[in-house]
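In full-length UniProt numbering, the protein residues as written are 1 to 212.
A short worksheet on the structure shown next.
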């Protein structure tokens, strides 16, 4: 009875067979993961419901206590708090100046939220291409090895060369899919924050336009 030997290849061994291309993909995955976690934590703080702060600011402005309203905003670390604080600092100016000051702060805060998000988008497109490039290189090396064999080529040699080359494509797709999902998730979360910033700006301007 012929003994059959099943060879199992671990995930680490597969990655190792992918060579330098898999190292590059691993670095891109770590970068994408770091940016995702960092941005999620930052956006979570920025998404704090501004309703309580806006109500306090409204109450103090209607009472004419601008300094108290500024203090509430100064203690708030969200973009909305900084925007309201900027508006209150120019409350004696005309509405155009107030709107401009709020808009400038909003741009700065939006830039902070979007920091490095574009990098995740770039990784989502670059990773599959890098993986495919690694596969092409692997296939070239496999066919070179086959051409150097004398006599008939064993199916094992042919199949092992091909599957080792395909590892980088699979790795590139995995990293690319992760980065693509992460990028779109972050964009959606930032859009939610922008919506809250717009609502706060509109209500604050309406407050200043309303008769006391």
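Note that beta-carbon positions come from the ideal geometry of N, C-alpha and C, so glycine has one too.
Please read these numbers as outputs of a predicted model, since none were measured by experiment.
Check	Outcome
7 angstroms CB neighbourhood of residue 69 in its chain, flanking five on each side removed	57, 60, 61, 88
Coil, strand or helix - residue 75 by DSSP	coil
Where the alpha helix (DSSP H) through residue 35 begins and ends	20-46
Reduced DSSP secondary structure (H/G/I, E/B, other) of residue 215	Residue 215 is absent from the model: the chain starts at 1 and stops at 212.
Beta-carbon contacts of residue 77 that lie in its chain and below 7 angstroms, excluding the five residues immediately before and after	45
Contacts around residue 109, its chain only, beta-carbon distance under 8 angstroms, and the 5 residues preceding and following it disregarded	46, 79, 82, 83, 197
Residue 67, DSSP secondary structure in three states	helix
Outcome for residue 193 when other beta-carbon atoms lying within 10 angstroms are tallied against a minimum of 16	buried
For residue 162, the three-state DSSP class (helix, strand or coil)	helix
Residue nearest to residue 139 in terms of C-alpha spacing, selected from 199, 116, 27, 168	168
Integer-rounded CB distance, given that residue 95 should sit under 8 angstroms from residue 208	7 angstroms
Chain-order list of residues whose beta-carbon lies under 8 angstroms from that of residue 38 (same chain, five-residue window excluded)	116
Cβ-based neighbour list, residue 201, same chain, cut-off 6 angstroms, excluding 5 preceding and 5 following	102
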